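Undergrad: The structure follows.
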Amino acid sequence: SQQGCDPFSQTQRSKLQHRRARINQQINKEMRMRAGAENLFRATSNHKVKETVALELSYVNSNLQLLKEELEELNSSMDVYQNDSESISVPMIPLGLKETKELDLLVPLKDFISEHYGEESVLFEKEIKEFMELRQAMRTPSRNEAGLELLMEYYNQLHFLDSRFFPPTKTLGVFFHWYDSLTGVPSHQRALAFEKGSVLFNLGALHTQIGARQDRAALPGLNRAIDAFQQAAGAFNYLKENFSNAPSLDMSAASLNMLVRLMVAQVQECVFEKMTLLCSQNDFLARLQLAQEAAKVEDVYSLVHQTMTQPHVKDYVPFSWITMVHVKSEHFKALSHYFAAIALCDCPAASESELPEQEKAFLQFHVTVPEGPSLRVLLQDPEERRKLGKAHLKKAIMKHEEAMRIHGLCKILRKMDILQEVLSFAHKRSLSKYSEIDHEEDFFETGEAPDIHPKTHQKPEIKPPNFSQVKVTDLFHRLGPLSIFSAKNKWYPARRVHLRRGENGFGFTLRGDSPVLIAGVIPGGCAAEAGLKEGDYIISVNSKDCRWSKHAEVVQLLKSTGEEGVEIGVITLQGSEGPKAVDKKAVGMSSGSGMLKSNKENSRKSLMNSKSSTLLVWSKKSKRSKKSTYSGVPFTAVGDNEAMY
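Each residue of the sequence shown is one higher than the last, beginning at 78 in our numbering.
Below, the structure written as structure tokens:
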């Protein structure tokens with residue numbers, strides 16, 4: 078069975094998790110006090126009591142504020158997730174995992190097994206415990222492929238749990254508790270969709286931690302980081318598209334939209350770093366390309382910054398994140414101007430043969446055409462190149478200074494010396510280049526350099542989670558094939574029927590397998606007299622369980638009976654008795670309950686290729702799939718796949 082990493086191992090990360098959990102508990106306590114005080118404030122008409130309560134409320138609110146700030150500092154401990162290599166990489170933003178409370182499902186699932194399935198629930202304790210162990214392990218996944226697989230495995234098991242134990246019209250009565258990954262505020266819901274969504278969120282968060290840990294100084298680490306951030310973007314995007322009305326802020330559409338954009342920006346930043354590794358030193362076109370890649374990174378970070386500063390997101394996202402994203406957009410704008418200057422000043426002027434290609438590239442390089450001579454003259458005249466290069470450097474230096482100023486405004490980022498180092502290194506590099514190309518006899522006023530047109534050679538992909546990569550077996554497969562034995566179907570108590578074979582056989586037609594269906598009963602035959610009905614499913618023959626049995630196996634068991642006859646166990650689905658009966662519950666969907674649509678499976682092995690898209694919603698608009706309704710059509714003739722016995 079899968080293991081989580083030891084939740085108590087005193088690694089830096091688990092200490093962080095413990096501190097987070099402790100602050101979460103305090104926040105919980107304060108929230109309860111606040112709720113109590115607010116109720117009292119509303120209920121009392123006594124002026125003195127109102128004053129006292131108002132005072133208490135302001136105290137509780139300021140306490141909450143302090144706790145949230147402390148939590149934010151924790152969430153900004155990005156260094157815990159960064160790599161240990163010597164080289165400097167700009168830090169990335171990882172997400173903390175959502176915490177959850179332990180959950181005891183033993184009693185609710187046993188009750189459901191005995192009430193709904195009519196089974197001896199004690200016999201399923203092993204499966205229930207196995208499921209709970211999987212959930213426990215999934216709370217602390219290791220930060221690697223195994224941890225991702227563990228979350229995926231649990232998510233896929235939830236698909237089965239949903240089909241087995243969550244009928245469309247009622248809940249199990251269990252609450253799923255999860256803490257917001259950024260604020261630590263607790264939320265709970267009875268809907269299994271909340272549990273699914275939270276696991277999916279953690280899948281995304283774990284990818285961000287894996288991405289932030291990579292050593293991006295070399296290509297393999299960079300490619301792993303790109304992949305991790307693309308997968309994170311895919312998980313958050315899948316969540317945004319398939320969930321609505323989540324009770325916690327981190328899973329709201331606005332937050333998920335922001336997280337997808339943040340991940341895409343981090344991918345774009347890695348693509349830029351990849352280019353700097355692959356780029357040949359003094360090639361003019363390669364330098365232009367680098368400048369455009371940097372402009373693209375600036376572009377995507379500006380979009381993230383815009384998204385983070387929207388009304389509903391701003392108060393919720395850690396200030397350090399907003400600042401870091403803002404710093405990066407200024408920093409990469411500076412770099413785009415720096416590389417433009419390097420292309421112009423450090424690369425030799427164009428020869429006649431290179432001119433057409435360079436001219437073409439330079440035409441699409443600036444957002445607006447630079448002032449001064451034509452491009453052809455500019456590219457061939459070192460002095461004109463120096464002038465424009467100087468204008469680009471002037472702009473670069475202004476932007477470096479802006480990045481450093483913004484960085485200095487955030488107390489948490491000031492402690493992150495890595496970022497400080499990167500910014501100041503880039504600033505010094507631009508300054509020294511400027512003084513190198515600045516001539517004492519320059520009397521011209523350095524012009525305003527136009528911005529660089531953003532362009533990338535590798536567009537970030539949003540990679541949706543591939544649930545089918547982790548195969549799981551339905552833990553509760555002993556309850557029978559899901560096509561029949563599911564939470565949404567109801568059946569009458571099993572009947573045992575004693576059947577003897579007459580001269581014309583048993584007098585029924587059988588169809589299909591797992592479980593085999595009595596498709597027709599011949600009037601006046603042995604089966605009819607024994608009380609078997611069309612639409613009955615055979616679940617046992619001579620007390621051998623036949624729920625999963627193939628057609629041929631059941632026929633073999635029936636044929637091998639002698640004079641004494643055979644005892645058959647059958648069930649009848651409720652609503653399938655009359656001709657053309659329709660599933661009454663097709664649309665009755667109670668609000669607030671989680672919904673999972675998927676193709677019906679007739680085999681416990683087949684699970685979720687991406688086509689059986691697992692859709693989860695909180696809203697009640699969704700229609701239930703009509704595919705699984707069984708219409709008891711009266712069989713006059715024997716169909717293709719039926720046989721008469």
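From the three backbone atoms N, C-alpha and C, an ideal C-beta is built for every residue, glycine too. Quick caveat, the model's predicted, so the values are computed rather than measured.
Considering Cα atoms alone, identify which of Arg-241, Thr-533, Ser-321 and Tyr-614 is closest to Asp-551.
TA: What you label residue 551 is simply residue 474 of the sequence shown in a count that begins at 1. If we check each option's Cα against that of Asp-551, Arg-241 comes out closest.
Undergrad: Among the candidates Phe-553, Tyr-231 and Lys-467, whose CA atom is the shortest distance from the CA of His-726?
TA: As displayed, the chain neither begins before 78 nor continues past 722, which places residue 726 out of reach and without an answer.
Undergrad: Name the two residues that bound the continuous alpha helix (DSSP H) containing Val-184.
TA: Within the sequence shown, numbered from 1, the residue matching residue 184 stands at position 107. That run of the alpha helix (DSSP H) goes 183–193.
Undergrad: Would you call the CB atoms of Phe-349 and Val-374 closer than 7 angstroms?
TA: On the sequence shown, residue 349 is found 272 positions in, with the first residue counted as 1. On the sequence shown, residue 374 is found 297 positions in, with the first residue counted as 1. Yes; because the gap between Cβ atoms is below 7 angstroms, this pair is in contact.
Undergrad: Just mark Gly-195 as buried or exposed, buried being the case when its beta carbon has 16 or more other beta carbons within 10 Å.
TA: For this step, residue 195 is matched to residue 118 along the sequence shown. By the neighbour-count rule (16 or more Cβ atoms within 10 Å), Gly-195 is not buried but exposed.
Undergrad: For Leu-336, does the three-state DSSP call read helix, strand or coil?
TA: In the sequence shown, counting from the first residue as 1, residue 336 sits at position 259. DSSP places Leu-336 in helix when its eight states are reduced to three.
Undergrad: Assign Gly-612 to buried or exposed, taking buried as 16 or more other Cβ atoms, counted over all protein chains shown, within 10 Å of its Cβ.
TA: Counting from one through the sequence shown, the residue named residue 612 turns up at place 535. Buried, because 16 or more other Cβ atoms sit within 10 Å of the Cβ of Gly-612.
Undergrad: Could you please give me the residues that DSSP links to Val-574 through a beta bridge?
TA: Walking along the sequence shown from the start, residue 574 turns up at place 497. Answer is Ile-645, bridged to Val-574.
Undergrad: Check whether the region 498–506 and the region 440–451 are in contact - that is, three or more C-beta pairs closer than 8 angstroms.
TA: Flag = no, the region 498–506 and the region 440–451 do not touch.
Undergrad: Helix, strand or coil for Pro-459? Go by DSSP, reduced to three states.
TA: Position 382 of the sequence shown, counted from the first residue, corresponds to residue 459. Helix.
Undergrad: State yes or no: is the C-beta of Ala-427 within less than 7 angstroms of the C-beta of Leu-456?
TA: Against the sequence shown, residue 427 aligns to sequence position 350. Against the sequence shown, residue 456 aligns to sequence position 379. Yes, Cβ-Cβ distance for Ala-427 and Leu-456 is below 7 angstroms.
Undergrad: Starting from Leu-609 and walking both ways along the alpha helix (DSSP H), at which residues does that stretch end?
TA: Here residue 609 refers to the residue found at position 532 when the sequence shown is read from its first residue. Counting along the chain, Leu-609 falls outside any alpha helix (DSSP H), and DSSP gives it neither H nor E.
Undergrad: If you compare alpha carbons, which of Ser-406, Ala-98, Gln-234 and Ala-411 is closest to Val-549?
TA: Your numbering for residue 549 matches position 472 in the sequence shown. It is Gln-234.
Undergrad: Only counting the same chain, and skipping five residues up and downstream in sequence, which positions put a Cβ closer than 7 angstroms to that of Cys-603?
TA: Stepping through the sequence shown from its first residue, residue 603 is reached at position 526. Excluding sequence neighbours, Cys-603 sits near Leu-576, Arg-577, Arg-578, Gly-579, Phe-583 and Gly-584.
Undergrad: For a quick check, are the C-beta atoms of Lys-610 and Pro-244 less than 7 angstroms apart?
TA: Start at 1 with the first residue of the sequence shown, and residue 610 comes out as number 533. Start at 1 with the first residue of the sequence shown, and residue 244 comes out as number 167. Going by C-beta atoms, Lys-610 is not nearer than 7 angstroms to Pro-244.
Undergrad: Taking three-plus beta-carbon pairs below 8 angstroms as touching, is the region 644–654 in contact with the region 568–575?
TA: In short, these stretches touch, since the Cβ pair count reaches three.
Undergrad: For His-124, count neighbouring Cβ atoms within 10 angstroms of its own Cβ and tell me buried if that reaches 16, exposed if not.
TA: Here residue 124 refers to the residue found at position 47 of the sequence shown. His-124 is exposed by the Cβ-count criterion.
Undergrad: Does the region 408–418 touch the region 473–484, meaning 3 or more C-beta pairs lie closer than 8 angstroms?
TA: They touch, by the three-pair rule.
Undergrad: Do you know whose CA, among Gly-589, Thr-533 and Glu-606, lies nearest Cys-347's CA?
TA: What you label residue 347 is simply residue 270 of the sequence shown in a count that begins at 1. Cα-wise, what sits closest to Cys-347 is Thr-533.
Undergrad: Do Ala-312 and Leu-280 have their CB atoms nearer than 7 angstroms?
TA: The count along the sequence shown starts at 1 and reaches residue 312 at position 235. The count along the sequence shown starts at 1 and reaches residue 280 at position 203. Yes, the pair counts as a contact, with Cβ atoms nearer than the cut-off.
Undergrad: One question on the structure: do Gln-343 and Phe-306 come within less than 7 angstroms of each other, judged by their Cβ atoms?
TA: Locating residue 343 in the sequence shown gives position 266, counting from the first residue. Locating residue 306 in the sequence shown gives position 229, counting from the first residue. Yes. Within cutoff.
Undergrad: Taking the straight line between their C-alpha atoms, what separation do you get for Glu-179 and Phe-252?
TA: Translated into the one-based positions of the sequence shown, residue 179 becomes position 102. Translated into the one-based positions of the sequence shown, residue 252 becomes position 175. If I take the Cα positions, the gap works out to 11 angstroms.
Undergrad: Look up Tyr-511 in the DSSP assignment and say whether it is helix, strand or coil.
TA: Counting from 1 along the sequence shown, the entry for residue 511 is found at position 434. Three-state result, Tyr-511: helix.
Undergrad: Using the beta-carbon count (16 or more within 10 Å), is Val-137 buried or exposed?
TA: Here residue 137 corresponds to residue number 60 of the sequence shown, with the count starting at 1. Buried is the call here.
Undergrad: Would you check if the distance between the CB atom of Glu-133 and the CB atom of Ala-120 is smaller than 7 angstroms?
TA: As a first step, residue 133 must be located in the sequence shown, where it is residue number 56. As a first step, residue 120 must be located in the sequence shown, where it is residue number 43. Against a cut-off of 7 angstroms, the Cβ pair of Ala-120 and Glu-133 comes out as no contact.
Undergrad: Residue range of the alpha helix (DSSP H) that Thr-285 falls in?
TA: Numbered from its first residue, the sequence shown carries residue 285 at position 208. Residues 269–290.
Undergrad: If I follow the unbroken alpha helix (DSSP H) through Arg-364, where does it start and stop?
TA: Along the sequence shown, one-based indexing puts residue 364 at 287. Taken as a continuous stretch (DSSP letters only), the alpha helix (DSSP H) holding Arg-364 covers 361–385.
Undergrad: Smallest Cα separation from Pro-723: which of Ala-526, Gly-646 and Leu-277?
TA: The structure shown has nothing for residue 723, since the chain only spans 78 to 722.
Undergrad: Where does Asp-423 sit, in a helix, a strand or coil, going by DSSP?
TA: Within the sequence shown, the letter at position 346 stands for residue 423. Reduced to three states, the DSSP call for Asp-423 is helix.
Undergrad: Determine the extent of the beta strand (DSSP E) in which Arg-212 is found, giving its start and end residues.
TA: Position 135 of the sequence shown, counted from the first residue, corresponds to residue 212. Unbroken run through Arg-212 is the alpha helix (DSSP H), 202–215; no beta strand (DSSP E).
Undergrad: Just the Cα atoms here: how many angstroms apart are Leu-117 and Gln-102?
TA: As a position in the sequence shown, residue 117 is number 40, starting the count at 1. As a position in the sequence shown, residue 102 is number 25, starting the count at 1. Straight-line Cα distance between these residues: approximately 23 angstroms.
Undergrad: Using only the alpha-carbon positions, how far apart do Tyr-256 and Ser-379 sit?
TA: Counted from its first residue, the sequence shown places residue 256 at position 179. Counted from its first residue, the sequence shown places residue 379 at position 302. Near 29 angstroms, if we compare the C-alpha coordinates of Ser-379 and Tyr-256.
Undergrad: What number of angstroms, rounded off, separates the C-alpha of Leu-496 from the C-alpha of Val-167?
TA: Counted from its first residue, the sequence shown places residue 496 at position 419. Counted from its first residue, the sequence shown places residue 167 at position 90. Distance between the alpha carbons of Leu-496 and Val-167 is about 6 angstroms.
Undergrad: Report buried or exposed for Gln-633, applying the criterion of at least 16 other Cβ atoms within 10 angstroms of its Cβ.
TA: By 1-based counting over the sequence shown, the position of residue 633 is 556. Exposed, because fewer than 16 other Cβ atoms sit within 10 Å of the Cβ of Gln-633.
Undergrad: Cα separation between Ala-330 and Ser-264?
TA: As a working note, residue 330 is residue 253 in the sequence shown. As a working note, residue 264 is residue 187 in the sequence shown. Each residue's alpha carbon lies about 16 angstroms from the other.
Undergrad: In whole angstroms, what separates the C-alpha of Lys-674 from that of Lys-203?
TA: In the sequence shown, counting from the first residue as 1, residue 674 sits at position 597. In the sequence shown, counting from the first residue as 1, residue 203 sits at position 126. Reliability of the predicted coordinates at Lys-674 is poor, the pLDDT of 35 falling under 50, and the value obtained from them is presented with this limitation in mind. Going from the Cα of Lys-674 to the Cα of Lys-203 covers about 28 angstroms.
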